[in-house]
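Peer 1: Handing you a structure now.
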Amino acid sequence: MQTRLAPEYIVAIEENNLDVFSDDYSFVRYFVHSYAGAIGVNWDAISTEVDQTIKYHAHKKNMALTQAQRQIVENMPKVKAGKKTKKRGSSHFQSSISRTSRSLHWSKRRLTPLGWFLIVLVVGGFIVTNAVSSALSANEEKARESERQAELQKKEQETQRLSQQRKETQLEESKTALSLESVSSQPNTVYITSEQAMPWVVQFTVSVPSATKIEIYRGDELVAGDASKEQTSDFSTVLDITEGQTYRLVVSSYNNNAIALNGQSVAVQVPEEKESGVEITLNFGTAAPEESNSYDYYGNGWYDEGTDYSYDQSGDLAYYGYEQ
Numbered sequence: 010m011q012t013r014l015a016p017e018y019i020v021a022i023e024e025n026n027l028d029v030f031s032d033d034y035s036f037v038r039y040f041v042h043s044y045a046g047a048i049g050v051n052w053d054a055i056s057t058e059v060d061q062t063i064k065y066h067a068h069k070k071n072m073a074l075t076q077a078q079r080q081i082v083e084n085m086p087k088v089k090a091g092k093k094t095k096k097r098g099s100s101h102f103q104s105s106i107s108r109t110s111r112s113l114h115w116s117k118r119r120l121t122p123l124g125w126f127l128i129v130l131v132v133g134g135f136i137v138t139n140a141v142s143s144a145l146s147a148n149e150e151k152a153r154e155s156e157r158q159a160e161l162q163k164k165e166q167e168t169q170r171l172s173q174q175r176k177e178t179q180l181e182e183s184k185t186a187l188s189l190e191s192v193s194s195q196p197n198t199v200y201i202t203s204e205q206a207m208p209w210v211v212q213f214t215v216s217v218p219s220a221t222k223i224e225i226y227r228g229d230e231l232v233a234g235d236a237s238k239e240q241t242s243d244f245s246t247v248l249d250i251t252e253g254q255t256y257r258l259v260v261s262s263y264n265n266n267a268i269a270l271n272g273q274s275v276a277v278q279v280p281e282e283k284e285s286g287v288e289i290t291l292n293f294g295t296a297a298p299e300e301s302n303s304y305d306y307y308g309n310g311w312y313d314e315g316t317d318y319s320y321d322q323s324g325d326l327a328y329y330g331y332e333q
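Residue numbers for the sequence shown, in this note's numbering: 10 to 333.
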């Protein structure tokens with residue numbers, strides 16, 4: 010897995026220097042999560058510390074901004090009686106005050122009530138403007154945050170999709186090529202062999218058109234499925250067959266369920282009663298026995314062509330061992 014974060018930001022994260030991200034901490038958690046996965050660090054073990062660190066830096070940044078604003082207010086020029094001095098680099102706000110004072114012919118000793126009123130009016134307007142600007146900025150920040158969250162969710166969904174696709178590809182590549190055989194004299198019994206040596210990777214799939222319990226046993230041990238809970242969606246599980254063994258697949262309420270091993274269909278003898286249970290015996294690592302012929306019971310030599318087996322038309326039963 011690779012991250013798309015620039016190297017300088019990776020170094021900043023490793024050194025716990027989040028100031029390089031300015032006020033935008035929203036992507037830090039996402040990239041730390043991705044980077045932790047890339048270098049093999051357990052995210053669950055560090056997620057709490059990461060969240061606390063991000064909150065700490067955000068709080069410190071806000072406190073610094075608040076302190077700077079207070080410092081600006083404290084450094085604003087105060088009106089003093091006496092000789093007026095001109096300061097270099099005066100702000101636009103200070104210039105406005107100066108022009109207003111000159112137009113009203115301020116007294117050298119004190120301001121007129123109208124002057125004070127205008128000062129209060131200008132300062133109040135500045136405060137209101139700043140409040141409105143802050144509210145607009147907050148709304149814009151919320152909108153940006155919503156967009157970022159949507160983008161992060163989209164990326165997480167894409168990551169999950171790619172991960173699932175990779176798992177499915179790996180499963181397809183690891184599946185064992187199987188050969189399934191059955192004999193008519195043994196219904197619902199399957200013999201499974203393969204040219205590949207064990208262990209085998211076998212995927213069991215069962216379609217579920219209606220609710221049913223699905224269980225897979227190795228001997229008497231339940232290895233997959235749930236004997237106490239009905240399955241309402243298609244069933245799928247992967248088992249490693251390490252040696253030749255007999256498994257049993259039990260469908261409690263069979264309703265034309267399609268059963269397959271590694272994609273190969275398993276023939277099922279449908280029960281006479283609708284939605285009654287079906288049990289399929291799966292013999293892994295055992296070849297199917299040859300079909301038996303009922304005539305073989307007598308052997309090839311039971312009929313001797315040189316012997317006359319015709320009835321005695323005279324009615325003499327001595328030939329058959331009977332005496333009249």
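For glycine and all other residues, C-beta sits at the position ideal for the given N, C-alpha and C.
(1) State the Cα-Cα distance for the pair ASP60 and GLU167, rounded to the nearest angstrom.
(2) Between the stretch 258-265 and the stretch 281-301, can you find at least three pairs of beta-carbon atoms closer than 8 Å?
(3) Report the three-state DSSP secondary structure of ASP28 (helix, strand or coil).
(4) Measure the alpha-carbon distance for ASN25 versus LYS70 and round it to whole angstroms.
(5) Distance, Cα to Cα, VAL37 vs ARG175?
(6) What does a CB cutoff of less than 7 Å around ALA269 pick up in its chain, not counting 5 residues either side in sequence?
(7) Helix, strand or coil: which one does DSSP assign to ASP229?
(8) What would DSSP say about SER146, mapped onto helix, strand or coil?
(9) Can you grab the Cα-Cα spacing for the pair TYR304 / PHE244, in whole Å?
(10) Rounded to a whole number of angstroms, what is the C-alpha to C-alpha distance between SER143 and GLN78?
(11) Have a look at VAL29 and GLY46 and give me their C-alpha separation to the nearest angstrom.
(12) Which value, in whole angstroms, describes the spacing of the CA atoms of TRP125 and ASN84?
(13) For TYR307, which residues from the same chain have a beta carbon less than 8 Å from its beta carbon, with the 5 sequence-adjacent residues on both sides left out?
(14) What are the residues that DSSP puts in a beta bridge with TYR44?
(15) Within the same chain, show all residues whose beta-carbon is closer than 8 Å to that of LEU27, passing over the 5 residues directly before and after it, in chain order.
(16) Going straight from the alpha carbon of LYS163 to that of LEU171, what length do you get?
(17) Under the three-state reduction of DSSP, which class applies to TYR256: helix, strand or coil?
(18) Rank ALA54, VAL217, GLU149, PHE40 by C-alpha distance to the C-alpha of LEU161 and give the top, closest one.
(19) Between the C-alpha atoms of THR198 and GLN169, what's the straight-line distance to the nearest angstrom?
(20) Helix, strand or coil for LEU171 per DSSP?
(21) Alpha helix (DSSP H) containing GLN61: first to last residue?
(22) Going by C-alpha distance, which of GLN195, VAL210, GLU156 is nearest GLY294?
(23) What residue range is occupied by the uninterrupted alpha helix (DSSP H) comprising VAL20?
(24) May I ask you to report which of helix, strand or coil DSSP gives ASN271?
(25) Using a 10 Å radius around the Cβ and a threshold of 16 neighbouring Cβ atoms, would you call LEU130 buried or exposed?
(26) Tell me which same chain residues have a C-beta within less than 7 Å of the C-beta of GLU23, skipping the five on either side of it?
(27) Around the C-beta of GLY334, are 16 or more other C-beta atoms found within 10 angstroms, so that it is buried, or is it exposed?
(28) Taking 7 Å as the cut-off, decide whether the C-beta atoms of GLN223 and GLN240 are in contact.
(29) Could you pull out every residue in the same chain whose Cβ sits closer than 6 Å to the Cβ of TRP52, ignoring the five residues on either side in sequence?
Peer 2: If we stick to the structure as given:
(1) In a straight line, the C-alpha of ASP60 is about 24 Å away from that of GLU167.
(2) Taking 8 Å as the limit for Cβ pairs, the verdict is that the stretch 258-265 does touch the stretch 281-301.
(3) It is helical.
(4) Between ASN25 and LYS70, the C-alpha separation is close to 15 Å.
(5) Their backbone Cα atoms lie some 26 Å apart in a straight line.
(6) So the qualifying residues of the chain are THR214, VAL275.
(7) Coil, per DSSP.
(8) Helix.
(9) With a pLDDT of 48 at TYR304, under the threshold of 50, the modelled position of this residue cannot be trusted; read the value that follows with caution. Distance from the CA of TYR304 to the CA of PHE244, rounded to the nearest whole angstrom, comes to 44 Å.
(10) Using only the alpha carbons, I get a separation of about 13 Å.
(11) Spanning the two alpha carbons is a distance of roughly 22 Å.
(12) When rounded, the distance between both Cα atoms is 19 Å.
(13) Because TYR307 sits at a pLDDT of 47, beneath the cut-off of 50, its placement in the model cannot be relied upon, and the point is left open.
(14) In the DSSP output, where bridge partners are listed per residue, TYR44 has none listed.
(15) Cβ neighbours of LEU27 within its own chain (closer than 8 Å, five residues either side excluded): ALA21, TYR34, VAL37, THR62, ILE63, HIS66.
(16) Cα to Cα, LYS163 sits roughly 12 Å from LEU171.
(17) DSSP places TYR256 in strand when its eight states are reduced to three.
(18) Of ALA54, VAL217, GLU149, PHE40, the residue nearest in Cα terms is PHE40.
(19) Approximately 39 Å between the Cα atoms of the pair.
(20) Three-state DSSP puts LEU171 in a helix.
(21) Looking at the DSSP string, the run of the alpha helix (DSSP H) that includes GLN61 is 52-83.
(22) The candidate whose alpha carbon is nearest that of GLY294 is VAL210.
(23) Its alpha helix (DSSP H) spans residues 16-23.
(24) If DSSP states are grouped into helix, strand and coil, ASN271 belongs with coil.
(25) Looking at its Cβ environment, which holds fewer than 16 other Cβ atoms inside 10 Å, LEU130 is exposed.
(26) Taken in chain order, the list of residues that qualify is empty.
(27) With the chain covering 10 to 333 only, the question about residue 334 has no answer from this structure.
(28) Reading off the sequence shown, one finds Ile at residue 223, where the question assumed Gln. Yes, Cβ-Cβ distance for ILE223 and GLN240 is below 7 Å.
(29) Taken in chain order, the residues that qualify are HIS42, ALA45.
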